[in-house]
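Asks: A single structure is presented below for examination.
2 protein chains.
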Amino acid sequence: MAVRRETNSARVTLRDVARAADVHPGTASRALNAETRSLVNPETARRVLEAAEELGYRPNPIARGLKTNRSYTIGVLIPDITNPLFPPILRGIEDRLEEDGYTPLMANTDNDPERERIDWETMRSRQVEGIITATADRTDPLVEDIVDSGLGVVLVNRRMDDPAVRAATPDDRAGMRLAVEHLAGLGHRRIAHIAGPLEFSSGFDRREGFLEAMRDTGLEPDPELVVVSAAFTESEGAQACRELLDRGHAPTAIAASNDLIALGCYDVLLERSIACPSELSITGFNDMPFAGRFQPPLTTIRIRPYEVGAAAAELMLEALQDPGSQPRQIQLEPQLVVRESTGPPPELSRG
Amino acid sequence: MAVRRETNSARVTLRDVARAADVHPGTASRALNAETRSLVNPETARRVLEAAEELGYRPNPIARGLKTNRSYTIGVLIPDITNPLFPPILRGIEDRLEEDGYTPLMANTDNDPERERIDWETMRSRQVEGIITATADRTDPLVEDIVDSGLGVVLVNRRMDDPAVRAATPDDRAGMRLAVEHLAGLGHRRIAHIAGPLEFSSGFDRREGFLEAMRDTGLEPDPELVVVSAAFTESEGAQACRELLDRGHAPTAIAASNDLIALGCYDVLLERSIACPSELSITGFNDMPFAGRFQPPLTTIRIRPYEVGAAAAELMLEALQDPGSQPRQIQLEPQLVVRESTGPPPELSRG
Numbered sequence: 063m064a065v066r067r068e069t070n071s072a073r074v075t076l077r078d079v080a081r082a083a084d085v086h087p088g089t090a091s092r093a094l095n096a097e098t099r100s101l102v103n104p105e106t107a108r109r110v111l112e113a114a115e116e117l118g119y120r121p122n123p124i125a126r127g128l129k130t131n132r133s134y135t136i137g138v139l140i141p142d143i144t145n146p147l148f149p150p151i152l153r154g155i156e157d158r159l160e161e162d163g164y165t166p167l168m169a170n171t172d173n174d175p176e177r178e179r180i181d182w183e184t185m186r187s188r189q190v191e192g193i194i195t196a197t198a199d200r201t202d203p204l205v206e207d208i209v210d211s212g213l214g215v216v217l218v219n220r221r222m223d224d225p226a227v228r229a230a231t232p233d234d235r236a237g238m239r240l241a242v243e244h245l246a247g248l249g250h251r252r253i254a255h256i257a258g259p260l261e262f263s264s265g266f267d268r269r270e271g272f273l274e275a276m277r278d279t280g281l282e283p284d285p286e287l288v289v290v291s292a293a294f295t296e297s298e299g300a301q302a303c304r305e306l307l308d309r310g311h312a313p314t315a316i317a318a319s320n321d322l323i324a325l326g327c328y329d330v331l332l333e334r335s336i337a338c339p340s341e342l343s344i345t346g347f348n349d350m351p352f353a354g355r356f357q358p359p360l361t362t363i364r365i366r367p368y369e370v371g372a373a374a375a376e377l378m379l380e381a382l383q384d385p386g387s388q389p390r391q392i393q394l395e396p397q398l399v400v401r402e403s404t405g406p407p408p409e410l411s412r413g
Numbered sequence: 063m064a065v066r067r068e069t070n071s072a073r074v075t076l077r078d079v080a081r082a083a084d085v086h087p088g089t090a091s092r093a094l095n096a097e098t099r100s101l102v103n104p105e106t107a108r109r110v111l112e113a114a115e116e117l118g119y120r121p122n123p124i125a126r127g128l129k130t131n132r133s134y135t136i137g138v139l140i141p142d143i144t145n146p147l148f149p150p151i152l153r154g155i156e157d158r159l160e161e162d163g164y165t166p167l168m169a170n171t172d173n174d175p176e177r178e179r180i181d182w183e184t185m186r187s188r189q190v191e192g193i194i195t196a197t198a199d200r201t202d203p204l205v206e207d208i209v210d211s212g213l214g215v216v217l218v219n220r221r222m223d224d225p226a227v228r229a230a231t232p233d234d235r236a237g238m239r240l241a242v243e244h245l246a247g248l249g250h251r252r253i254a255h256i257a258g259p260l261e262f263s264s265g266f267d268r269r270e271g272f273l274e275a276m277r278d279t280g281l282e283p284d285p286e287l288v289v290v291s292a293a294f295t296e297s298e299g300a301q302a303c304r305e306l307l308d309r310g311h312a313p314t315a316i317a318a319s320n321d322l323i324a325l326g327c328y329d330v331l332l333e334r335s336i337a338c339p340s341e342l343s344i345t346g347f348n349d350m351p352f353a354g355r356f357q358p359p360l361t362t363i364r365i366r367p368y369e370v371g372a373a374a375a376e377l378m379l380e381a382l383q384d385p386g387s388q389p390r391q392i393q394l395e396p397q398l399v400v401r402e403s404t405g406p407p408p409e410l411s412r413g
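Residue numbers (the working numbering), protein chains in the order written: chain P, 63 to 413; chain L, 63 to 413.
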């Protein structure tokens with residue numbers, strides 16, 4: 063029996079105890095920890111301890127052996143929480159961490175390296191036990207510094223080129239392939255791509271996915287139809303779209319690197335009285351909240367950001383509980399959501 | 063001179079020092095505090111200390127006298143960060159707190175009293191110095207408990223009936239008045255209201271503002287045209303809208319208590335093939351991100367959530383630096399944003 067409890071499948075978990083005691087796992091965690099027990103209602107603590115006893119629960123011995131003075135706090139670095147992509151990622155992180163008694167400490171960095179460094183210093187002074195960051199470049203000196211400091215690091219939504227750094231992301235290449243195949247299936251041949259910043263894996267991998275999928279579909283991508291937006295924003299997306307259209311290579315569809323860039327394209331189409339989708343089809347990426355309520359409702363790639371956040375938290379807990387474990391990168395399968403911003407190219411719809 | 067420095071207007075602030083040293087105020091704060099100085103680059107710390115010396119900066123003596131072992135952390139309770147109202151409020155809180163060297167620690171409560179209490183316990187164990195909460199009911203036992211614990215409490219977006227509890231909110235009554243006056247000005251007489259939950263000041267005050275404004279405009283509100291939504295969500299808003307229309311009192315306009323409820327109304331109008339605005343006008347409240355991109359673009363009340371958050375942080379800093387000061391409630395002036403979801407009532411537009 064003792065041996066069987068060592069294996070993951072048979073071991074009684076904190077969640078089992080919480081369920082048996084009918085409390086939140088965070089509460090169970092605090093009740094089981096002598097340092098934090100006083101924060102829990104005494105009657106509740108008694109119920110949790112009884113349930114743990116009854117089920118034969120014992121805390122993960124590797125995790126317990128690690129440290130004695132724990133903060134139970136994980137720093138979370140986000141570019142900007144007002145970007146609608148990040149709230150569900152943060153919820154996923156928070157909900158998964160909380161199940162194991164950890165609390166996220168979030169800061170906005172605005173992708174500003176100085177601010178990132180200040181936030182990291184603040185978090186270090188708060189004795190966080192690890193950092194989950196959505197702000198990393200593909201090669202990021204700050205992440206290297208955090209790794210050097212001995213803290214666990216997990217990337218979320220973006221990954222680094224170095225596969226030794228844990229990361230949870232959507233499968234960006236596969237997602238962009240879905241967009242290209244959808245457009246090619248509608249009959250488009252002159253498909254343009256507005257990439258996001260290439261120093262971020264999201265921008266880079268989606269562009270790679272675009273080029274690969276075009277070739278696999280038998281369409282040689284026209285270099286004049288691939289532009290790079292300076293940021294994943296509506297205004298920079300609009301700027302990139304103007305540049306693209308001014309080149310005069312007349313795309314019939316644009317696969318944008320995210321939904322905000324796609325909205326920037328919508329603005330340029332309005333400026334220039336180009337009808338979407340009858341004259342130009344647009345696809346986004348992320349399926350941000352309310353994407354189905356825009357004019358026209360946006361065809362896009364759904365990435366399940368809550369699950370991406372929860373997966374990042376899972377990787378952080380792995381790193382904390384077993385620091386010697388092999389780092390993993392998790393890529394979540396995206397999904398095409400067809401709405402009203404895509405249709406056949408004008409030569410076909412007229413014909 | 064010494065006396066003049068005691069007054070707020072002439073006193074050299076942390077921000078003055080930060081500006082002179084060309085660093086972020088958070089960095090200046092850490093450099094000036096012996097406990098946290100090691101977190102700052104030594105060259106930067108030297109520049110900050112020189113600037114402080116030169117300007118004659120001295121830390122607020124009342125604040126410094128308070129405590130010796132400071133966490134510099136403020137707990138922030140939010141119902142749900144994926145509700146688009148809250149990210150900018152949180153940014154406002156974070157940016158203002160950071161200027162004075164404080165860090166927010168945010169948790170989502172889902173308006174669930176048990177979860178609120180767990181989050182509060184977690185924050186207490188993290189030794190937060192105060193709590194900013196967006197989750198309070200108009201009479202809230204948890205807030206009373208926090209007050210009893212001796213911590214500073216500031217409400218944000220919602221307030222309590224008790225004026226002794228600090229709060230920063232939009233002026234909800236004035237905002238709803240703007241909506242009613244706009245609709246009345248277009249010629250509407252049968253104006254309906256879908257209220258938010260009345261246990262929250264936002265829902266309650268907006269309904270009061272609706273009733274007052276109707277009477278002041280010479281329109282006796284029809285009780286059959288006032289319904290209450292069970293939550294500030296699209297699905298509950300849709301439910302309330304169905305109930306309203308099923309009563310058969312044929313409103314020509316609906317003033318919704320927030321933008322999500324207004325979007326729920328959009329869904330019901332689609333279900334029932336009612337045209338907006340030619341058959342029924344809709345107004346929202348908040349001017350959430352992308353409200354101008356919906357079908358039709360939403361006429362709503364802009365509340366400047368970033369500034370509401372910053373004002374709440376300001377009140378928290380007042381409470382920390384001068385605990386004996388008279389609590390204030392700040393109400394920020396809202397603004398009408400006219401888009402395409404409102405127009406004259408059908409009898410006028412046909413005539």
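Heads up, the beta-carbon is just placed ideally off N, CA and C, and yes, glycines get one too.
#1: Going along chain P in order, which residues have a C-beta closer than 7 Å to the C-beta of M276 (chain L)?
#2: Please report how far the alpha carbon of P283 (chain L) lies from the alpha carbon of L76 (chain L), in whole angstroms.
#3: Going straight from the alpha carbon of I344 (chain P) to that of L377 (chain L), what length do you get?
#4: Can you list the alpha helix (DSSP H) stretches of 4 or more residues lying completely in the stretch 208-250 of chain L, in chain order?
#5: With distances taken between CB atoms, is the gap from Y368 (chain P) to I151 (chain P) smaller than 9 Å?
#6: Could you say which of P:R268, P:R81, P:G192, P:E296 lies nearest to R210 (chain P) if we only look at CA atoms?
#7: Would you say A373 (chain P) faces chain L, with C-beta separation under 9 Å as the test?
#8: Answer yes or no: the CB of T361 (chain L) versus the heavy atoms of the ligand SAM, is any distance below 8 Å?
#9: What residue does the beta strand (DSSP E) around Q391 (chain P) start on, and which one ends it?
#10: Give the residues from the stretch 180-198 of chain P that approach chain L closer than 8 Å (Cβ to any Cβ), ordered along the chain.
#11: Between the C-alpha atoms of D224 (chain L) and Q393 (chain L), what's the straight-line distance to the nearest angstrom?
#12: What ranges does the beta strand (DSSP E) occupy inside the stretch 335-384 of chain P, keeping only unbroken runs of at least 3 residues that lie completely in it?
#13: Per DSSP, which residues does Q397 (chain L) bridge with? Please list them.
#14: Would you list the one or two residues that DSSP bridges to V290 (chain P)?
#15: Of all Cβ atoms in chain P, is any one closer than 9 Å to the Cβ of P351 (chain L)?
#16: Exposed or buried, what is Q301 (chain L) when buried is set at 16 or more other beta-carbons lying within 10 Å of its beta-carbon?
#17: Would you mind sorting A254 (chain P) into buried or exposed? The rule is 16 or more other CB atoms within 10 Å of its CB.
#18: Once DSSP output is grouped into helix, strand and coil, what is the label at T89 (chain L)?
#19: Taking CB distances under 9 Å as the criterion, tell me whether L111 (chain P) reaches chain L.
#20: So N170 (chain L) contacts chain P; which residues on that side make the cut at Cβ distance below 7 Å?
#21: Going straight from the alpha carbon of V399 (chain L) to that of A317 (chain L), what length do you get?
#22: Would you check if the stretch 183-190 of chain L and the stretch 335-355 of chain L touch, i.e. whether three or more CB-CB distances between them fall below 8 Å?
#23: Output, in chain order, the set of chain P residues within a Cβ distance shorter than 7 Å of F356 (chain L).
#24: Is there at least one Cβ from chain P nearer than 9 Å to I143 (chain L)'s Cβ?
#25: Do you know offhand how far P232 (chain P)'s Cα is from H244 (chain L)'s?
#26: Spatial neighbours of K129 (chain L) within its chain, please: C-beta separation below 6 Å, excluding the five flanking residues on both sides.
#27: Could you tell me the alpha carbon to alpha carbon distance between A292 (chain P) and T171 (chain P), rounded to whole angstroms?
#28: Throw me the rounded Cβ distance for the R235 (chain P) and D267 (chain P) pair, which I believe falls under 8 Å.
#29: What does the alpha-carbon distance come out to for the pair T404 (chain P) and E176 (chain L)?
#30: Mapping the DSSP letters down to three states, classify L167 (chain P) as helix, strand or coil.
#31: Need the endpoints of the alpha helix (DSSP H) that I180 (chain L) sits in, please.
#32: From A230 (chain L) to R81 (chain L), what distance separates their C-alpha atoms?
#33: Quick check: the Cα distance between N219 (chain L) and L307 (chain P), rounded to an integer number of angstroms?
#34: Quick one: list the residues of chain P neighbouring G88 (chain L), beta-carbon separation under 8 Å, in chain order.
#35: Compare the Cα-Cα distances from F352 (chain P) to each of L:D78, L:G88, L:V138, L:P146 and report the closest residue.
#36: For A374 (chain L), count neighbouring Cβ atoms within 10 angstroms of its own Cβ and tell me buried if that reaches 16, exposed if not.
Replies: Concretely, from the data shown:
#1: By Cβ distance, chain P contributes nothing, its closest Cβ being about 29 Å from M276 (chain L), past 7 Å.
#2: 52 Å
#3: 46 Å
#4: 234-247
#5: yes
#6: For the record, residue 210 (chain P) in the displayed sequence is Asp; it is not Arg. The option with the nearest alpha carbon to D210 (chain P) is P:G192.
#7: no
#8: With respect to the ligand SAM, the structure offers nothing, as it holds no ligand at all.
#9: 391-394
#10: I180, E183, T184, R186, S187, R188
#11: 15 Å
#12: 343-345, 362-364
#13: L:R364
#14: P:A257
#15: yes
#16: buried
#17: buried
#18: helix
#19: no
#20: R153, E156
#21: 13 Å
#22: no
#23: R355
#24: yes
#25: 45 Å
#26: At K129 (chain L) the pLDDT is 42, less than 50, meaning the model places this residue with poor confidence and gives no usable figure here.
#27: 17 Å
#28: 5 Å
#29: 46 Å
#30: strand
#31: 175-187
#32: 28 Å
#33: 44 Å
#34: I180, T184
#35: L:P146
#36: buried
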